[in-house]
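Before any comments, here is the structure.
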Amino acid sequence: MTGLQERLLQPADAVTCREIVLDFWVDPELVFLRLLKSEKNAFWLDSGFEAETGVSYLGLPSPSAPVVTASGAGDTVLVSGVGTSDRFEGSIFDLLRLTTTSRGAGPVADPVADPADGLRIGWVGWLGYELGAKTVGSPRHASALPDAALMWADRIIAFDHRASTMSLRVPAGSPTAKLWVRDVQATLLSLVGSTVPPLPEVGQPRKASLRHTHAEYVDLVEQCRDAITEGDAYQICLTNEITIEGALDPVQTYHRLRRLNPAHHGALIRFADFALLSSSPEQFLEVCPDKTMTTRPIKGTRPRGRTSEEDAGLITELAGHHKEIAENVMIVDLMRNDLGRVAETGSVQVPDLLRVESYQNVHQLVSTISAKIDPRLTWVDAVEACLPAGSMTGAPKHSAMSIIDRLEGGARGPYAGAFGYMGADGRVDLGVTIRSLVIGPTTTTIGAGGGITVWSVAEEEYEETLLKAAPLLAAASAVIIA
1 MTGLQERLLQ PADAVTCREI VLDFWVDPEL VFLRLLKSEK NAFWLDSGFE
51 AETGVSYLGL PSPSAPVVTA SGAGDTVLVS GVGTSDRFEG SIFDLLRLTT
101 TSRGAGPVAD PVADPADGLR IGWVGWLGYE LGAKTVGSPR HASALPDAAL
151 MWADRIIAFD HRASTMSLRV PAGSPTAKLW VRDVQATLLS LVGSTVPPLP
201 EVGQPRKASL RHTHAEYVDL VEQCRDAITE GDAYQICLTN EITIEGALDP
251 VQTYHRLRRL NPAHHGALIR FADFALLSSS PEQFLEVCPD KTMTTRPIKG
301 TRPRGRTSEE DAGLITELAG HHKEIAENVM IVDLMRNDLG RVAETGSVQV
351 PDLLRVESYQ NVHQLVSTIS AKIDPRLTWV DAVEACLPAG SMTGAPKHSA
401 MSIIDRLEGG ARGPYAGAFG YMGADGRVDL GVTIRSLVIG PTTTTIGAGG
451 GITVWSVAEE EYEETLLKAA PLLAAASAVI IA
């Protein structure tokens with residue numbers, strides 16, 4: 001074992017969580033602005049604007065905690081610490097196995113953790129689409145951004161929206177964590193009764209451009225339909241990329257986004273020069289410490305209506321539309337297969353099929369698949385087996401991804417991958433990276449697409465990409481220039 005691997009191994013008292021419950025409430029947005037706005041590496045896993053249920057998490061790595069980036073589809077892994085940067089010998093999945101297990105023996109047990117406690121201590125960040133493409137074995141483009149970016153979160157503030165309480169979560173054996181707890185408690189108390197300041201006015205709209213023009217995207221849809229007719233796939237998730245010129249402030253942009261498009265899997269995850277901002281409604285994978293895993297793919301979209309009658313009509317249309325139903329059922333079958341590769345025999349179930357869920361801007365058709373991880377395997381194997389989500393590839397997975405690689409003509413990057421947390425106790429909650437902006441030093445990108453079947457109408461598919469991108473463009477104050 002190398003010296004770096006030894007340093008990455010977490011002793012038991014570094015992953016056992018000490019939780020300090022606070023019986024008062026401060027808006028998470030205000031807390032982020034006061035405590036984390038200027039931090040180089042920080043995260044906000046957000047249950048949504050004005051959420052009444054769920055738990056949101058704010059946090060950061062302690063000064064000595066590792067921050068990891070992976071490139072080359074996960075094969076080149078760099079670990080940064082205090083003034084150091086070392087290469088990890090192995091893949092990003094090898095690193096996850098090492099750092100979230102007790103010397104390979106399984107999740108590190110936290111004796112005071114409740115199975116529903118969510119994120120206590122562990123990795124927070126993203127896993128990109130190209131990382132999954134390598135795992136599947138399809139051809140791939142190289143992303144200009146890291147294929148994975150993860151921070152070891154050991155300074156966490158949890159916000160229970162239903163109970164209106166907060167808690168601080170730190171390693172039980174860390175002397176420096178006590179100082180952080182003291183300082184954060186004092187800051188939180190000083191914020192009681194304060195309100196979130198108004199956002200600054202946006203300036204002139206920024207210019208945004210499409211990777212594939214309107215005409216080009218329509219042609220790509222027809223090429224997908226041809227491939228399906230020829231028997232190369234049943235469904236293909238075709239996407240387009242929008243590039244916005246100039247640098248964006250990730251904090252201000254996210255504060256606008258969460259109002260324009262609130263979602264269960266909202267996030268602001270920042271790593272130095274780049275940030276992921278998400279308003280995703282889709283769960284990629286949830287794993288409980290008892291090794292139960294769940295995925296909730298989305299396929300099928302309609303806009304919200306302008307009146308209650310129109311809205312109800314759109315729900316009925318979505319629930320009974322043969323193309324949308326076919327798309328969803330195909331992906332359910334694909335995800336059953338993905339989970340089945342790492343599941344106990346006979347444990348794969350579909351407890352919920354074709355449920356319409358309504359969000360601020362769209363209605364979505366959602367299904368739920370669950371299973372129990374094979375006792376010989378871990379949640380890392382489950383994530384590796386399922387990435388990228390079948391809803392972002394099509395079916396069959398390998399063939400659809402090969403067609404995507406050929407037609408889209410570029411990397412997807414963090415888009416269409418997964419983001420969220422992967423805890424040391426085996427608790428995992430990852431969303432699908434859709435309805436998201438990826439902010440870099442000079443440009444911002446948005447991905448948007450949809451599932452193509454033999455019944456697809458090319459113009460409607462193009463319009464669906466604009467519908468999905470609209471709140472993201474609005475948050476960035478950007479307009480597409482043809």
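For the sequence shown, the residue numbers in UniProt numbering are 1 to 482. No residue lacks a Cβ here, since even glycine has one placed at the ideal position from N, Cα and C.
Query raised in the report: What separation, rounded to the nearest whole angstrom, lies between the Cα atoms of A81 and A482?
Result: It should be pointed out that residue 81 corresponds to Gly in this sequence rather than to Ala. G81 and A482 have their C-alpha atoms roughly 44 angstroms apart.
Report task. Return helix, strand or coil for I121, following the three-state DSSP convention. Result -> coil
**Report entry** For N261, three-class secondary structure by DSSP
**Finding:** coil
Report task. Just grab the DSSP bridge partners of M401 for me. Result -> Partner(s): none; M401 has no beta bridge.
Query raised in the report: To which residues does DSSP link Q283 through a beta bridge?
Result: R296 and G431
Requested in this report: Starting from the Cα of F274, find the closest Cα among Q349, T229, G413 and A263 and give me that residue.
Outcome: G413
Requested in this report: Given a cut-off of 8 angstroms, decide if F271 and V432 are closer than it, judged by their beta-carbon atoms.
Outcome: no
Query raised in the report: Could you give the C-beta distance for A153 and L119, rounded to a whole number, given that I count them as a contact under 8 angstroms?
Result: 7 angstroms
Requested in this report: With G423 as the anchor, note down where its beta strand (DSSP E) starts and where it stops.
Outcome: It spans A418 to G423 - the beta strand (DSSP E) in which G423 sits, taken as one unbroken run.
Report task. Flag this pair as yes or no: are the beta carbons of I446 and L248 separated by less than 8 angstroms? Result -> no
Requested in this report: Can you give me the Cβ contacts of R103 inside the same chain, cut-off strictly under 6 angstroms, excluding the 5 residues immediately before and after it?
Outcome: Low local confidence applies: a pLDDT of 40 at R103 is under 50, so the model's placement there is unreliable, and no value is given.
Report task. Can you have a look at G410 and say buried or exposed, based on whether 16 or more other CB atoms are within 10 angstroms of its CB? Result -> exposed
Query raised in the report: Taking DSSP as the reference, what is the three-state secondary structure of Q235?
Result: strand
Report task. Please state if the CB of A14 and the CB of S174 are separated by a distance shorter than 8 angstroms. Result -> yes
Requested in this report: Can you give me the start and stop residues for the alpha helix (DSSP H) that M335 sits inside?
Outcome: If you look at M335, you'll find it in the alpha helix (DSSP H) that goes H322 to G340.
Report task. Decide if the stretch 180-187 is in contact with the stretch 143-150; the criterion is three or more beta carbon pairs, one per stretch, under 8 angstroms apart. Result -> With a cut-off of 8 angstroms on Cβ pairs, the stretch 180-187 is not in contact with the stretch 143-150, counting fewer than three such pairs.
Requested in this report: Please classify Q360: does DSSP put it in a helix, a strand, or coil?
Outcome: coil
Query raised in the report: For C288, which three-state DSSP category applies?
Result: coil
**Report entry** Nearest neighbour of E384, chosen from L354, L473, G340 and E29 [CA to CA]
**Finding:** G340
**Report entry** Cβ-based neighbour list, V79, same chain, cut-off 6 angstroms, excluding 5 preceding and 5 following
**Finding:** P66, V68, D86 and F88
**Report entry** Residue range of the unbroken beta strand (DSSP E) whose run includes A469
**Finding:** Not the beta strand (DSSP E): A469 falls in the alpha helix (DSSP H), residues A458 to A475.
**Report entry** Three-state secondary structure (DSSP) of T16
**Finding:** Coil at T16, not helix or strand.
**Report entry** Residues near P115 by beta carbon distance below 8 angstroms, same chain, minus five either side
**Finding:** Unreliable placement is indicated for P115, whose pLDDT of 47 sits below 50; no coordinate value is reported for it.
Report task. Consult DSSP for K37 and reduce its assignment to one of helix, strand or coil. Result -> coil
**Report entry** Exposed unless 16 or more other CB atoms sit within 10 angstroms - verdict on A105
**Finding:** Caution applies to A105, whose pLDDT of 42 falls short of 50 and renders its modelled position unreliable; the value that the coordinates give is listed next. It counts as exposed.
Query raised in the report: Roughly how far, in whole angstroms, is the beta-carbon of P61 from the beta-carbon of N41, given that I think they are within contact range, below 8 angstroms?
Result: 6 angstroms
Query raised in the report: Whole-angstrom Cβ separation of V31 and L189, contact assumed at under 8 angstroms?
Result: Actually they do not touch by this definition, with Cβ atoms about 12 angstroms apart.
Requested in this report: May I have the straight-line CA-CA distance separating Y24 from D429, to the nearest angstrom?
Outcome: Note on residue identity: the sequence assigns Phe, not Tyr, to residue 24. If you take the alpha carbons of F24 and D429, they lie about 26 angstroms apart.
Query raised in the report: Are the Cβ atoms of T239 and R296 separated by less than 8 angstroms?
Result: Contact flag unset, no.
Requested in this report: Could you tell me which of T453, A133 and L472 sits nearest to T444, measuring between CA atoms?
Outcome: L472
Requested in this report: Return helix, strand or coil for A186, following the three-state DSSP convention.
Outcome: helix
Report task. Report the rounded CA-to-CA distance for L96 versus W455, giving the unit in angstroms. Result -> For L96 and W455, the distance between alpha carbons rounds to 41 angstroms.
Query - Local conformation of Q204 per DSSP, three classes - result: coil
Requested in this report: Can you check DSSP and say which residues form a bridge with P171?
Outcome: C17
Query raised in the report: From what residue to what residue does the beta strand (DSSP E) around R155 run?
Result: R155 to D160 is the extent of the beta strand (DSSP E) around R155.
Report task. Within its chain, find whatever has a CB closer than 8 angstroms to the CB of L199; leave out the 5 residues flanking it on each side and keep chain order. Result -> Q252, H255 and R256
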